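Numbering (our numbering), first residue to last: 362 to 473.
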């Protein structure tokens with residue numbers, strides 16, 4: 362039971378971050394469906410690591426640089442997951458005039 366829940370947590374961690382997970386954690390779409398309950402926990406982990414980066418950086422640098430360090434940490438940990446989605450959305454609305462064209466641009470992974 363506990364191993365199964367750990368596998369779901371690590372599956373969520375693998376899906377949203379670049380953090381390493383144990384080798385025994387398998388990957389399947391069914392396991393990813395079950396791991397959705399741990400998505401908020403992964404957000405807490407990423408947020409806590411970014412906050413830690415801010416606290417460490419703010420003891421050496423001004424606030425602006427400390428915030429940039431925290432943002433850089435979060436972007437690195439997630440592989441720019443949210444930033445990529447944001448750029449796809451902006452690219453779609455900026456480059457398309459019809460719904461089908463907008464959706465086609467958003468599905469294209471290349472930013473133009």
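Backbone N, C-alpha and C define an ideal beta-carbon position, used for all residues, glycine too.
In this text, all values refer to a predicted model and were calculated from it rather than measured experimentally.
Relative to the Cα of residue 412, the nearest Cα in the group 429, 374, 371 belongs to 429.
Boundaries of the alpha helix (DSSP H) harbouring residue 395: 390-395, taken from the DSSP string.
Fewer than three Cβ pairs drawn from the segment 446-462 and the segment 385-405 lie within less than 8 angstroms of each other, which leaves the two stretches out of contact.
With a 10 Å radius around the Cβ and a threshold of 16 neighbouring Cβ atoms, residue 396 comes out buried. Only residues of its own chain outside the window of five on either side were considered, and among them 369, 370, 373 have a CB closer than 7 angstroms to the CB of residue 399, listed in chain order. Between residue 440 and residue 414, the C-beta spacing is not below 9 angstroms. In the DSSP assignment, residue 410 falls within the unbroken alpha helix (DSSP H) covering 400-419. Rounded to whole angstroms, the gap between the alpha carbons of residue 443 and residue 464 is 18 angstroms. Annotated as distal: residue 418 and residue 410, with beta-carbon spacing of 9 angstroms or more.
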